[in-house]
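Working notes for the structure below.
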Amino acid sequence: MLEIAIIEKAISGDDEAFLVMMGTYKNDIYKTALAFLKNKEEALETLQEVTVRAYQKRHQLRKPKYAKTWLVRITIHYCQDLCKQKKRVYVREEVEPDQALGDETDRIVLEEAISALQPKEQELVYLKYFHGITFRELSVLMKEKESTLKTRLYTALAKLKRELGEEEHHEKA
Amino acid sequence: MKKLDQEINEWKKRYDKIHMEEARLEDAVEFGFHQATKQQPKRKYKVMWPVLSAIAVLLLFFGSVRVSPAFAEKISQVPGMEKIVQLIQGDQGKRAAIDANHFQPLGITQQKGDLTLTVEGVIRDNYGMVIFYSLEAEGDHRNLLLKNPMFTAGNGDELPASSVSYSGGHVKENDNMRMMEVYTQDGMKGIEDFRLAMEGSGIIDGSFVSEEFSITFEAPNEAESKEYQVDETVSIEGEQFIVESVTVHPLRTAIKVREHPDNQTEMLSIEDLELRGEDGEVWTSISNGVSATGGPENDAITFYLQSNYFEDPKSLTLAFSKVMVVNPEKEYMEIDLEQEEIIYQPSDFAELTYASEATFEVVMDEEVAESIGFSSIKDQYGDSLDMASQQTEMSMEGPKTIYTQLDEEAEGPVRIEFSRYPEWVEKEVEINLK
Numbered sequence: 005m006l007e008i009a010i011i012e013k014a015i016s017g018d019d020e021a022f023l024v025m026m027g028t029y030k031n032d033i034y035k036t037a038l039a040f041l042k043n044k045e046e047a048l049e050t051l052q053e054v055t056v057r058a059y060q061k062r063h064q065l066r067k068p069k070y071a072k073t074w075l076v077r078i079t080i081h082y083c084q085d086l087c088k089q090k091k092r093v094y095v096r097e098e099v100e101p102d103q104a105l106g107d108e109t110d111r112i113v114l115e116e117a118i119s120a121l122q123p124k125e126q127e128l129v130y131l132k133y134f135h136g137i138t139f140r141e142l143s144v145l146m147k148e149k150e151s152t153l154k155t156r157l158y159t160a161l162a163k164l165k166r167e168l169g170e171e172e173h174h175e176k177a
Numbered sequence: 390m391k392k393l394d395q396e397i398n399e400w401k402k403r404y405d406k407i408h409m410e411e412a413r414l415e416d417a418v419e420f421g422f423h424q425a426t427k428q429q430p431k432r433k434y435k436v437m438w439p440v441l442s443a444i445a446v447l448l449l450f451f452g453s454v455r456v457s458p459a460f461a462e463k464i465s466q467v468p469g470m471e472k473i474v475q476l477i478q479g480d481q482g483k484r485a486a487i488d489a490n491h492f493q494p495l496g497i498t499q500q501k502g503d504l505t506l507t508v509e510g511v512i513r514d515n516y517g518m519v520i521f522y523s524l525e526a527e528g529d530h531r532n533l534l535l536k537n538p539m540f541t542a543g544n545g546d547e548l549p550a551s552s553v554s555y556s557g558g559h560v561k562e563n564d565n566m567r568m569m570e571v572y573t574q575d576g577m578k579g580i581e582d583f584r585l586a587m588e589g590s591g592i593i594d595g596s597f598v599s600e601e602f603s604i605t606f607e608a609p610n611e612a613e614s615k616e617y618q619v620d621e622t623v624s625i626e627g628e629q630f631i632v633e634s635v636t637v638h639p640l641r642t643a644i645k646v647r648e649h650p651d652n653q654t655e656m657l658s659i660e661d662l663e664l665r666g667e668d669g670e671v672w673t674s675i676s677n678g679v680s681a682t683g684g685p686e687n688d689a690i691t692f693y694l695q696s697n698y699f700e701d702p703k704s705l706t707l708a709f710s711k712v713m714v715v716n717p718e719k720e721y722m723e724i725d726l727e728q729e730e731i732i733y734q735p736s737d738f739a740e741l742t743y744a745s746e747a748t749f750e751v752v753m754d755e756e757v758a759e760s761i762g763f764s765s766i767k768d769q770y771g772d773s774l775d776m777a778s779q780q781t782e783m784s785m786e787g788p789k790t791i792y793t794q795l796d797e798e799a800e801g802p803v804r805i806e807f808s809r810y811p812e813w814v815e816k817e818v819e820i821n822l823k
């Protein structure tokens, strides 16, 4: 983890510290975006856009030790927005998934199921399982009770399970 | 849950294994940083409401293309014309303008370093201009971006009270044409020389490049507007609206509607305003650009529809049925930025997700998302607070997030007035113009 002092400097307007912070978390941002968008170029563009937004909103990061989660959340919100816009564009042009990601059925089913979740559920699945953020930290950042977040995550998991289960059923039939 | 846990774990691992060159990640951060630090906090342009969401820009690419033989010929004559046509697909008035030979091809280029900006051509009338321009780069390039466009008279003078809209800044090899629309309140009558300045940037051969462009060109006006004086009062659910005039400009049709001073509510918008021709043709609002000016603080709003100037129908009927209204005494929001809470809202549709001395973020429920917009923000003494920036994120289905940054810290709670509100008065109205 990055030193708190550097992040504090970044928040208070030190550009060099900001770049160090972004450099530390760029992989987390990129991977989150890639999992959402399934396209390397778009994931890179997202990293660029998240850098812009993080810079503009940097004074809003009140808890320096949660910098990574803060950046990942900006990424998730940006990607969710992009995905919703794309749903419409896809009518015309289906973006090819990156070949390197393989095409295993299970993964596709799971990813489809995750993308069909409610935005807030989706966000939790990513933060919890992709980045292993604690409920305590999420509770502080999202201003919601830990119990509320837990209930939401279990609802999401139940939905995913149902989707995966249904798929098994089809295979047997 | 065992199977699910395992699959989620594998899903995560798969992305952990994916490799991306460190240098490309660093470039993306660096480029974003350049973009953020160079971004000017304030444009000189006065942004007029309602400001459109990004969705509207995307919608542009849908809808059928009607291509006449004359139109097809124009396309073949001017290089890059297909791209221009794609940009205006959603606007039948602008297509008709090209059809009627009203597009002025220019093809003026300026090269700076490895970047070249070209002003491809314009369509104009006495009140507005649509400028088409493109960016090209030499060498190995990526992340090309056009930003901060500034459109003035040829001598650099600002155009009187302009409203400006322009399409997305990221440019790609096969998608490098952009357009900008500028409209003036007092007109650009008599002005024939113009200047378009903007900044182009990108990563070329591995390093960040940024260039300032400025292109001057001549484009005289060739078409006069047609005006219909109407002055008809319409009463809907006890509220009265005066349709004052309809002016058909080559680029758009302006319809001026005034609210009666005795009304209980303030008029915010008429969303289904349209003009009908004799054969059932319909001209509706402009889906990508400024759709109205004036309101909520003024007593008259000018609405803009796609132009039928070049189609020139024999008969013309103005029709609408729903007027969006708000009662400003009861329908507003009040937020205490210090305590981070919403003190008042007319019903429970908004959630405050962030607040500080000068910024706040509000998320609107999806049921009202499309029908909510902010106009002015005032402090506890009723003085308007200037906004440094406002960003709206919204999709067709989800909630809407409005992030607002004020120019300076507000003392005490702030009061937000609506530019859009989910309340309407309804009645079928038809007015014959000719």
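Those sequence lines, one after another, are chains H and S.
Residue 5 is where the first sequence starts when you use this note's numbering, and the numbers rise one by one after that.
Residue 390 is where the second sequence starts when you use this note's numbering, and the numbers rise one by one after that.
Built from N, CA and C at the ideal position, the CB exists for glycine as well.
Report buried or exposed for residue i, applying the criterion of at least 16 other Cβ atoms within 10 angstroms of its Cβ.
{"i": "Gln695(S)", "result": "buried"}
{"i": "Tyr770(S)", "result": "exposed"}
{"i": "Ser151(H)", "result": "exposed"}
{"i": "Asp488(S)", "result": "buried"}
{"i": "Glu819(S)", "result": "exposed"}
{"i": "Thr155(H)", "result": "exposed"}
{"i": "Val56(H)", "result": "buried"}
{"i": "Asn532(S)", "result": "buried"}
{"i": "Gln728(S)", "result": "exposed"}
{"i": "Gln126(H)", "result": "buried"}
{"i": "Arg647(S)", "result": "buried"}
{"i": "Gln500(S)", "result": "exposed"}
{"i": "Ile118(H)", "result": "buried"}
{"i": "Gln481(S)", "result": "buried"}
{"i": "Ser551(S)", "result": "buried"}
{"i": "Ser624(S)", "result": "exposed"}
{"i": "Asn697(S)", "result": "buried"}
{"i": "Ala526(S)", "result": "buried"}
{"i": "Arg840(S)", "result": "The requested residue 840(S) is not part of the displayed model; chain S covers only 390 to 823."}
Between residue i and residue j, what straight-line distance do the alpha-carbon atoms span, to the nearest angstrom?
{"i": "Leu23(H)", "j": "Lys72(H)", "result": "14 angstroms"}
{"i": "Gly839(S)", "j": "Ser674(S)", "result": "Residue numbering for chain S in the displayed model covers 390 to 823; residue 839(S) lies beyond these limits and cannot be assessed."}
{"i": "Asp668(S)", "j": "Ser704(S)", "result": "9 angstroms"}
{"i": "Gly17(H)", "j": "Asp772(S)", "result": "30 angstroms"}
{"i": "Asp529(S)", "j": "Ala37(H)", "result": "25 angstroms"}
{"i": "Gln395(S)", "j": "Gln52(H)", "result": "32 angstroms"}
{"i": "Asn537(S)", "j": "His559(S)", "result": "12 angstroms"}
{"i": "Pro717(S)", "j": "Asn652(S)", "result": "12 angstroms"}
{"i": "His491(S)", "j": "Ile512(S)", "result": "6 angstroms"}
{"i": "Glu628(S)", "j": "Asp725(S)", "result": "34 angstroms"}
{"i": "Thr426(S)", "j": "Leu65(H)", "result": "18 angstroms"}
{"i": "Ser765(S)", "j": "Ala739(S)", "result": "17 angstroms"}
{"i": "Val95(H)", "j": "Ile80(H)", "result": "Reliability of the predicted coordinates at Val95(H) is poor, the pLDDT of 30 falling under 50, and the value obtained from them is presented with this limitation in mind. Between Val95(H) and Ile80(H), the C-alpha separation is close to 23 angstroms."}
{"i": "Glu410(S)", "j": "His63(H)", "result": "30 angstroms"}
{"i": "Arg413(S)", "j": "Asp688(S)", "result": "54 angstroms"}
{"i": "Gln794(S)", "j": "Gln779(S)", "result": "6 angstroms"}
{"i": "Pro735(S)", "j": "Ala608(S)", "result": "50 angstroms"}
{"i": "Val418(S)", "j": "Gln424(S)", "result": "10 angstroms"}
{"i": "Ser143(H)", "j": "Gly27(H)", "result": "26 angstroms"}
In terms of residues, what are the limits of the alpha helix (DSSP H) holding residue i?
{"i": "Phe521(S)", "result": "Careful: Phe521(S) lies outside any alpha helix (DSSP H), inside the beta strand (DSSP E) at 517-526."}
{"i": "Glu755(S)", "result": "755-758"}
{"i": "Ile8(H)", "result": "8-15"}
{"i": "Leu128(H)", "result": "123-129"}
{"i": "Lys30(H)", "result": "19-41"}
{"i": "His423(S)", "result": "411-427"}
{"i": "Ser745(S)", "result": "Per DSSP, Ser745(S) belongs to no alpha helix (DSSP H) and is neither H nor E."}
Give me the residue from the options with the minimum Cα distance to residue i.
{"i": "Ser760(S)", "options": "Arg809(S), Gln653(S), Glu633(S), Leu524(S)", "result": "Arg809(S)"}
{"i": "Thr507(S)", "options": "Ser554(S), Arg584(S), Asp546(S)", "result": "Arg584(S)"}
{"i": "Pro702(S)", "options": "Ile644(S), Arg413(S), Ser765(S), Lys615(S)", "result": "Lys615(S)"}
{"i": "Asp737(S)", "options": "Asp754(S), Val646(S), Tyr516(S)", "result": "Asp754(S)"}
{"i": "Ala58(H)", "options": "Arg77(H), Phe40(H), Glu45(H)", "result": "Arg77(H)"}
{"i": "Val619(S)", "options": "Asn610(S), Thr636(S), Ala608(S)", "result": "Thr636(S)"}
{"i": "Tyr655(S)", "options": "Gly510(S), Met539(S), Tyr721(S), Glu415(S)", "result": "Reading off the sequence, residue 655(S) comes out as Glu, not Tyr. Of the candidates Gly510(S), Met539(S), Tyr721(S), Glu415(S), the one whose C-alpha sits nearest the C-alpha of Glu655(S) is Tyr721(S)."}
Let's see if you can read the secondary structure: which residues bound the beta strand (DSSP E) around residue i?
{"i": "Ala58(H)", "result": "Per DSSP, Ala58(H) belongs to no beta strand (DSSP E); it is in the alpha helix (DSSP H), 44-60."}
{"i": "Glu509(S)", "result": "504-513"}
{"i": "Gln499(S)", "result": "493-501"}
{"i": "Gln695(S)", "result": "689-695"}
Is residue i near the ligand HEM, in the sense that its beta carbon is under 6 angstroms from a heavy atom of that ligand?
{"i": "Tyr29(H)", "result": "Ligands are entirely absent from the displayed structure, and the ligand HEM is therefore not among its contents."}
Counting contacts by CB-CB distance shorter than 7 angstroms, is residue i in contact with chain C?
{"i": "Ile512(S)", "result": "Reference to chain C is not applicable here, since the protein chains of this structure are H and S."}
Which parts of the stretch 607-668 of chain S are runs of the beta strand (DSSP E), unbroken and 3 residues or longer, counting only runs that do not cross its ends?
615-625, 628-637, 641-648, 655-659, 663-665
What are the start and end residues of each continuous beta strand (DSSP E) run of 3 or more residues lying completely inside the stretch 767-810 of chain S, in chain order?
Taking only runs of at least 3 residues, the beta strand (DSSP E) segments lying wholly in the stretch 767-810 of chain S are 776-783, 789-795, 803-809.
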